[in-house]
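The block underneath contains the structure these notes are about, expressed in structure tokens.
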Amino acid sequence: MCKLDKVVKHPATCNNQLVCGIAGYVGPEPPEAYERIVRAMVHALERRGPDSEGVAKWPNAVLGHRRLAIVDLSAAGNQPMLSDDGQIGLVFNGCIYNFIELRQELEQRGHRFRSRCDTEVLLRGYQEWGIDTLAGRLRGMFAFGIWDQRRRTLTLVRDRLGVKPLIYSQRHGEIGFASTIGALRAGGFGGEVDPDAIMDVLEFGWVGDDHSIYEGMRKLPPATILEWHDGGISERQYWTLPAGGESSPMTFEEAVDETERLLVESVKLRLIADVPIGVLLSGGIDSALVCWATRELNANLTAFTVRAPGDASDESADAASTAKVLGIPHEIVEMPDTNFSLDELVDAYSEPFACQSAQATLWVARAVKRRATVLLTGDGGDDVFFGYPFFWNAWLAQRLARRLPAGSAAAWHAVRKACPGSGPARRLRNFLDYATGGLAEHARAHDGLPYYERRSMLGERLAGRQVPERRMEASAESGRRLLWDVFEYHRRMHFTSEFMPKVDGGTMYYAIEARAPFLDQKIWECAAAMTPEVRFHGGRLKAVLREIARRRVTPEVAVRKKRGFTVPVEEWLAERWSGMLDRLRGDTLLEREGWVRRGALQGPLDAALSERRVPIQLWRLLVLEHWLERRFAEGG
Numbered sequence: 065m066c067k068l069d070k071v072v073k074h075p076a077t078c079n080n081q082l083v084c085g086i087a088g089y090v091g092p093e094p095p096e097a098y099e100r101i102v103r104a105m106v107h108a109l110e111r112r113g114p115d116s117e118g119v120a121k122w123p124n125a126v127l128g129h130r131r132l133a134i135v136d137l138s139a140a141g142n143q144p145m146l147s148d149d150g151q152i153g154l155v156f157n158g159c160i161y162n163f164i165e166l167r168q169e170l171e172q173r174g175h176r177f178r179s180r181c182d183t184e185v186l187l188r189g190y191q192e193w194g195i196d197t198l199a200g201r202l203r204g205m206f207a208f209g210i211w212d213q214r215r216r217t218l219t220l221v222r223d224r225l226g227v228k229p230l231i232y233s234q235r236h237g238e239i240g241f242a243s244t245i246g247a248l249r250a251g252g253f254g255g256e257v258d259p260d261a262i263m264d265v266l267e268f269g270w271v272g273d274d275h276s277i278y279e280g281m282r283k284l285p286p287a288t289i290l291e292w293h294d295g296g297i298s299e300r301q302y303w304t305l306p307a308g309g310e311s312s313p314m315t316f317e318e319a320v321d322e323t324e325r326l327l328v329e330s331v332k333l334r335l336i337a338d339v340p341i342g343v344l345l346s347g348g349i350d351s352a353l354v355c356w357a358t359r360e361l362n363a364n365l366t367a368f369t370v371r372a373p374g375d376a377s378d379e380s381a382d383a384a385s386t387a388k389v390l391g392i393p394h395e396i397v398e399m400p401d402t403n404f405s406l407d408e409l410v411d412a413y414s415e416p417f418a419c420q421s422a423q424a425t426l427w428v429a430r431a432v433k434r435r436a437t438v439l440l441t442g443d444g445g446d447d448v449f450f451g452y453p454f455f456w457n458a459w460l461a462q463r464l465a466r467r468l469p470a471g472s473a474a475a476w477h478a479v480r481k482a483c484p485g486s487g488p489a490r491r492l493r494n495f496l497d498y499a500t501g502g503l504a505e506h507a508r509a510h511d512g513l514p515y516y517e518r519r520s521m522l523g524e525r526l527a528g529r530q531v532p533e534r535r536m537e538a539s540a541e542s543g544r545r546l547l548w549d550v551f552e553y554h555r556r557m558h559f560t561s562e563f564m565p566k567v568d569g570g571t572m573y574y575a576i577e578a579r580a581p582f583l584d585q586k587i588w589e590c591a592a593a594m595t596p597e598v599r600f601h602g603g604r605l606k607a608v609l610r611e612i613a614r615r616r617v618t619p620e621v622a623v624r625k626k627r628g629f630t631v632p633v634e635e636w637l638a639e640r641w642s643g644m645l646d647r648l649r650g651d652t653l654l655e656r657e658g659w660v661r662r663g664a665l666q667g668p669l670d671a672a673l674s675e676r677r678v679p680i681q682l683w684r685l686l687v688l689e690h691w692l693e694r695r696f697a698e699g700g
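The end of the sequence shown is residue 700 by the numbering used here, with every number in the run present.
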């Protein structure tokens with residue numbers, strides 16, 4: 065039988081750990097061997113769940129949980145949550161937005177509920193339908209683990225788009241899992257720092273979703289069910305996004321109307337909470353539409369905006385104008401000018417994470433926590449509705465590629481060196497590269513690892529290594545389907561590995577649950593059915609959303625260019641934060657541990673400060689150095 069420890073109420077404390085978190089350990093040994101490990105992982109998740117903690121044990125399994133109470137604040141919603149006979153236990157992170165609908169159906173089938181929360185719907189849905197049917201019916205963001213004592217099976221599930229994280233590690237027939245890499249590490253999992261992960265940090269600024277900073281840990285892919293049974297593991301996908309449509313009966317007007325309907329529906333579902341809700345407002349289109357939908361639903365939420373005074377990225381004036389037009393409460397959060405520390409950035413993200421907008425996410429989460437526990441955001445609109453310029457460039461290159469005669473790729477390669485690699489001609493060269501070489505050329509177009517290679521900065525532990533994205537072979541066939549290849553590449557690399565961890569880590573660090581209406585599978589499935597001609601209607605990026613903004617907000621909002629929710633680290637490191645670069649001088653861990661060649665940092669640092677602009681590649685090294693220092697100080 066299961067033993068459920070008393071669930072203890074805790075105040076929201078502020079320490080150097082990460083915020084609703086799940087953990088577990090399953091294997092052939094008695095639970096006493098695993099309980100200490102799970103409790104260590106649960107303690108590391110305290111910031112993700114400051115409201116309560118719980119641990120449950122079976123003969124060969126232990127589950128742990130830290131709770132951030134959102135729906136049903138009573139003890140009835142605490143976790144691990146057990147079946148009536150104690151044979152099944154569940155730990156869950158996230159929110160099931162259609163849980164009321166599912167609960168009503170389960171009640172009609174004879175189930176009796178003890179709580180009002182969505183966690184119990186998962187538990188009883190698993191009992192009624194099994195995991196595959198249950199996962200297919202869920203609408204929300206989620207990562208959960210289920211231990212079924214009768215089947216001696218652990219099941220892990222991650223949501224369709226990878227909004228919520230779930231990390232696991234298998235060793236000696238045992239498996240451990242947690243919401244964060246830091247928690248799993250606290251349980252003693254993982255080996256040495258993975259050199260391939262360091263290569264990712266240098267190339268992109270973060271570690272890809274296909275591996276982790278430590279060897280022996282793995283991130284469960286989105287839309288995936290993992291089952292562990294008697295030491296063996298199997299994985300299967302339960303959902304795939306429909307392939308991009310080349311032809312569709314949906315007209316532009318129909319796309320606009322259906323997207324507007326789904327957006328209002330999605331926002332309405334995300335307003336279910338027993339705690340205060342706020343909404344994040346930038347100067348752009350997506351967050352403005354979310355704010356408009358909240359007004360249409362009479363939600364009366366306060367909108368929050370981060371201000372970067374004097375910087376071109378500052379959108380606070382545009383956001384204030386939007387809030388005034390919509391008639392919604394609005395609060396501006398100031399970015400701190402001084403006393404900035406990388407500790408917060410390193411603590412919030414278990415891996416080195418040099419995403420420029422991550423710090424802004426942390427700042428706004430810290431400010432919003434005083435007023436709200438749930439925060440609506442505009443994330444996802446640019447991704448599925450093609451709001452980034454590189455989508456437009458890929459579509460133009462694809463159209464050209466389909467018109468080029470056979471042998472064009474070889475002809476272009478023969479004359480390519482004569483085309484300048486800088487200035488206006490560089491864009492033309494890149495465009496022709498995309499059309500003739502496809503995704504491989506797109507993936508190589510940015511300056512990540514080459515910056516370090518040109519300056520011979522890589523140390524002995526990285527010698528001869530390369531990221532797979534730079535090893536892809538150029539393909540004329542990929543050029544003819546480039547838009548779809550670029551979309552899938554962006555979704556796998558940037559969306560899942562950078563954007564989703566940024567929001568989850570930054571908000572959950574301050575015990576805030578971020579909910580993004582555009583990250584709804586029905587919206588993504590609807591957009592996936594639209595042709596490029598619809599999504600780029602009139603030659604505009606994310607034309608469908610722009611048209612909704614024109615009709616429902618103002619024409620001025622509809623034509624605004626995307627500036628991004630970011631911190632201008634290249635300029636600030638050369639000015640107000642210049643003292644932080646001293647960490648890269650002298651005897652660094654980057655050099656001592658063989659990641660960077662000794663003596664290779666001085667020249668680039670001096671050049672950057674003299675030019676008063678610090679390359680993003682040095683920011684990545686600064687974040688990595690600080691992460692290594694924290695790891696060394698903590699003995700990990």
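All C-beta atoms, glycine included, are put in the ideal place defined by N, C-alpha and C. Remember, it's a predicted structure, so these values are computed and weren't measured experimentally.
Proximity winner among the options, relative to residue i (alpha-carbon distances)
| i | options | result |
| --- | --- | --- |
| Glu562 | Glu110, Arg624 and Ala422 | Ala422 |
| Leu648 | Leu686, Pro92, Arg490 and Ser405 | Leu686 |
| Leu583 | Pro484, Leu688, Asn457 and Thr323 | Thr323 |
| Ala702 | Ile101, Arg180 and Val448 | Residue 702 falls outside the range modelled here, since the chain spans only 65 to 700, and no answer is possible. |
| Glu597 | Arg203, Pro94 and Glu310 | Glu310 |
| Leu218 | Leu344, Gln151, Tyr516 and Cys483 | Gln151 |
| Leu468 | Glu541, Arg334 and Gly699 | Glu541 |
| Tyr573 | Gln213, Ile164 and Lys433 | Lys433 |
| Pro259 | Phe253, Glu267 and Gly252 | Glu267 |
| Ala458 | Pro619, Pro416 and Leu605 | Leu605 |
| Arg616 | Arg173, Asp321 and Met105 | Asp321 |
| Gly269 | Cys419, Glu192 and Leu248 | Cys419 |
| His506 | Tyr190, Ala538, Gly118 and Val389 | Ala538 |
Cutoff 6 angstroms; reference residue i; Cβ partners in own chain excluding five residues on either side
| i | result |
| --- | --- |
| Gly569 | Ala412 and Tyr413 |
| Gly226 | Pro286, Thr560 and Met564 |
| Gly442 | Asp350, Ser351 and Val354 |
| Val155 | Ile86, Leu127, His129, Gln143, Pro144 and Gly209 |
| Gln81 | At Gln81, the pLDDT of 26 sits below 50, so the modelled position is not reliable; the number obtained from the coordinates is stated separately. Around Gln81: Ala108, Glu110 and Arg111. |
| Ala319 | Met594, Val598 and Val608 |
| Leu522 | Tyr516 |
| Gly444 | Ala580, Phe582 and Leu583 |
| Leu733 | Outside the displayed span of the chain (65 to 700) sits residue 733, for which this structure offers no information. |
| Ala125 | Val90 and Trp211 |
Close Cβ partners of residue i (< 8 angstroms) along its chain, the five nearest in sequence each way excluded
| i | result |
| --- | --- |
| Ala76 | In this prediction, Ala76 scores a pLDDT of 32, lower than 50, which makes its location untrustworthy; the coordinate-derived value is nonetheless stated afterwards. Contacts found: Pro114, Asp115 and Ala575. |
| Arg235 | Phe253 and Gly280 |
| Thr366 | Gly342, Val343, Ile392, Pro393, His394, Glu395, Arg435 and Ala436 |
| Ser520 | Arg661 and Ala664 |
Residues near residue i in its chain [Cβ-Cβ closer than 7 angstroms; skip 5 each side]
| i | result |
| --- | --- |
| Arg624 | Gly347, Gly348, Ile349 and Asp382 |
| Met314 | Ala593, Met594 and Val598 |
Start and end residues, alpha helix (DSSP H) containing residue i
| i | result |
| --- | --- |
| Phe455 | Pro453 to Ala465 |
| Thr323 | Phe316 to Leu333 |
| Ile680 | Ile680 to Ala697 |
| Asp212 | Here Asp212 belongs to no alpha helix (DSSP H); instead the beta strand (DSSP E) covers Gly204 to Asp212. |
| Val14 | In the structure as shown, the chain begins at 65 and stops at 700. Residue 14 is therefore absent and cannot be evaluated. |
| Gly174 | Segment: none, Gly174 is in no alpha helix (DSSP H) and carries neither H nor E. |
| Cys590 | Gln585 to Ala592 |
Residue environment, residue i, which counts as buried when at least 16 other CB atoms sit within 10 Å
| i | result |
| --- | --- |
| Ala697 | exposed |
| Glu577 | buried |
| Ser674 | exposed |
| Asp294 | exposed |
| Leu492 | exposed |
| Leu692 | buried |
| Val479 | exposed |
| Gln462 | buried |
| Pro117 | The sequence as given places Glu at residue 117; Pro does not occur at that position. Counting Cβ neighbours within 10 Å, Glu117 comes out buried, since at least 16 surround it. |
| Asp549 | buried |
| Thr500 | buried |
Start and end residues, beta strand (DSSP E) containing residue i
| i | result |
| --- | --- |
| Glu577 | Glu577 to Arg579 |
| Glu117 | Ser116 to Trp122 |
| Glu291 | Thr288 to His293 |
| Gly342 | Ile341 to Leu344 |
| Gly153 | Ile152 to Ile160 |
For this session: Report the residue ranges of all alpha helix (DSSP H) runs contained in full by the segment 495-552; include only those spanning at least 4 residues, in chain order.
Result: If you keep only unbroken alpha helix (DSSP H) runs of at least 4 residues inside the segment 495-552, you get 503-508, 513-518 and 540-544.
Exercise. At what residue ranges does the segment 214-275 contain a whole run of the alpha helix (DSSP H), taking only runs of 4 or more?
Worked result: Listed in chain order, they are 245-250 and 259-268.
Problem set entry | Sequence ranges, beta strand (DSSP E) only - wholly within the segment 377-422, length at least 3 | List check, beta strand (DSSP E) in window: 394-398.
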